[in-house]
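With the numbering used here applied, the sequence shown corresponds to residues 1467 to 1744, in that order.
Every residue, glycine too, gets a C-beta built ideally from N, C-alpha and C.
In this text the structure is predicted, and so the values were computed from the model without any measurement.
Structure first, commentary second.
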Amino acid sequence: MAASPTPTLVLVPEWGTGHLMSMLESCKRILLCGGRALSITLLVMRPPTAQATSEVEAHVRREAASGLDIRFHRLPAVEPPADAAGVEEFIARYIQLHAPHVRDAVAGMSCPVAALVLDLFAAPMVDVARDLGVPSYVFMSSTGAMLALMLHLPVLHQVVTVDVEFSQVDGESLWHGLPMAPWPLYAEQHLNAFELVADMGVAVPLKVDRKRDNFVEAADLERAVKCLMGEEGRKVRERAAEMRDVCRNAVNKGGSSDAALQRLSEALHHGAVLPPTM
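Here is the structure:
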């Protein structure tokens, strides 16, 4: 009796390194931690710039040589939108133009599809998954604490009006237990800095002049660095070391993140379906 084909996770990332590699590495952990066989199929969009294309191809070559069950399917090129009002609209529209090609790629697969894992910018493609009867997930790399805050915002709104940006803290520094002096420049980084200093206690603040394009005086930068290195920053360094242990314990065998991935792996196997031929 022939063995059943291995179900595959179909990834639809945005081409940026922080999007593509975060999604791929997270799904690789599912492959490595699960008790059942899974493969990864990454649908590669052609980026709109030559530099981004070169970076994506370098990632593809490196991962193809990793020895893991990862396949790369290059989607047909599309014409970038010429009338986008800003970078966010450009990315969202450019990705959405790939929806028919994503549909064709998934429908043409000969193995069961465990799920369609979508980048945040590709969230509208949940309609593609629904049409094909395939489970779908939207990949968000924010911390659990930040996502919990988003759920709590309706309660906070009854008390005070706030303007909240999407946020994630510097996970790499926390992983290595490094204290920080965050210098926010744009978008959600100001909220990140506040969370690192006031909530997590792993950083010392910089006096950022937002009226002068987020300028920081040299003297204040010197003060912050000396604080991190001296006696005044002892508690910050200790707290950063504690967070390093918390991060590592979560992903170690039996940790909270490891257990969550095990449950997700089981759910993916139970939900795997063979897409209908279009």
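Residue(s) in a DSSP beta bridge with residue i
i: Asp1585; result: Phe1605
i: Asp1538; result: First, the residue type needs correcting, since residue 1538 is Phe and not Asp in the sequence shown. Bridge partners of Phe1538: Leu1508.
i: Leu1477; result: Leu1508, Val1583
Three-state class that DSSP yields for residue i in the structure shown
i: His1745; result: Here the chain covers residues 1467 to 1744 and nothing more, so residue 1745 does not appear.
i: Leu1657; result: helix
i: Val1702; result: helix
i: Thr1443; result: The chain is shown from 1467 up to 1744; residue 1443 falls before or after that span and cannot be answered.
i: Thr1472; result: coil
i: Ala1595; result: helix
i: Glu1545; result: coil
i: Leu1619; result: helix
i: Lys1494; result: helix
i: Asn1718; result: coil
i: Leu1727; result: helix
i: Leu1651; result: coil
i: Met1489; result: helix
i: Val1600; result: coil
i: Met1575; result: coil
i: Ala1530; result: helix
i: Met1467; result: Legend: pLDDT at Met1467 = 44, less than 50; position of this residue unreliable, no value from coordinates given.
i: Leu1563; result: coil
i: Asp1590; result: One point to set straight first is that residue 1590 is Pro, not Asp, in the sequence displayed. If DSSP states are grouped into helix, strand and coil, Pro1590 belongs with the helices.
i: Ala1518; result: helix
i: Val1630; result: At Val1630, the pLDDT of 28 sits below 50, so the modelled position is not reliable; the number obtained from the coordinates is stated separately. Coil at Val1630, not helix or strand.
i: Ala1550; result: coil
i: Ala1558; result: helix
i: Ala1503; result: coil
i: Asp1636; result: Here Asp1636 scores only 48 on pLDDT, less than 50, and its place in the model should not be relied on; the value that follows carries that caveat. Three-state DSSP puts Asp1636 in coil, outside helix and strand.
Residue of the options minimising C-alpha distance to residue i
i: Asn1680; options: Ser1723, Asn1718, Leu1651; result: Leu1651
i: Val1767; options: Ala1647, His1656, Arg1700; result: The chain is shown only over 1467 to 1744; residue 1767 falls outside these bounds and no answer can be derived.
i: Thr1474; options: Leu1640, Gly1574, Lys1701; result: Gly1574
i: Glu1831; options: Cys1499, Val1544, Val1478; result: In the structure as shown, the chain starts at 1467 and stops at 1744, and residue 1831 therefore has no counterpart that could be examined.
i: Gln1694; options: Ala1684, Glu1683, Met1709, Val1670; result: Gln is not the amino acid found at residue 1694; the sequence shown has Leu there. Of the candidates Ala1684, Glu1683, Met1709, Val1670, the one whose C-alpha sits nearest the C-alpha of Leu1694 is Val1670.
i: Gln1562; options: Val1522, Val1544, Ala1571; result: Val1544
i: Pro1578; options: Leu1598, His1567, Val1592; result: Leu1598
i: Met1487; options: Arg1729, Arg1528, Arg1512; result: Arg1528
i: Leu1490; options: Phe1538, Pro1513, Leu1662, Arg1512; result: Phe1538
i: Arg1569; options: Leu1477, His1618, Glu1698, Val1526; result: Leu1477
i: Met1606; options: Thr1472, Ser1492, Asp1724, Leu1730; result: Ser1492
i: Ala1571; options: Val1674, Ala1551, Val1510, Val1522; result: Val1510
i: Ala1726; options: Pro1471, Arg1495, Ser1470; result: Arg1495
i: Gly1643; options: Pro1513, Gln1655, Lys1673, Cys1713; result: Cys1713
i: Leu1672; options: Leu1662, Val1702, Asp1686; result: Asp1686
i: His1525; options: His1564, Pro1479, Ala1550; result: Pro1479
i: Ala1548; options: Gly1696, Arg1729, Arg1559, Leu1619; result: Arg1559
i: Leu1640; options: Glu1698, Asp1711, Val1592; result: Asp1711
i: Pro1542; options: Ala1551, Ile1557, Ala1565; result: Ala1565
i: Leu1582; options: Pro1601, Arg1540, Arg1700; result: Pro1601
i: Val1674; options: Val1663, Glu1688, His1656, Leu1662; result: His1656
request  = Could I get the ranges of all uninterrupted alpha helix (DSSP H) runs contained in the stretch 1656 to 1700, with 4 residues as the minimum, in chain order?
outcome  = 1684 to 1695
inquiry  = Contact between the stretch 1522 to 1533 and the stretch 1577 to 1588 is defined here as three or more beta-carbon pairs at a separation below 8 Å; is this criterion met?
reply    = no
query = Just checking, does the stretch 1479 to 1498 make contact with the stretch 1511 to 1523 on the three C-beta pairs under 8 Å criterion?
reply = yes
task = Mind the definition here: the stretch 1656 to 1675 touches the stretch 1702 to 1716 only if three or more C-beta pairs lie below 8 Å; say whether that holds.
result = yes
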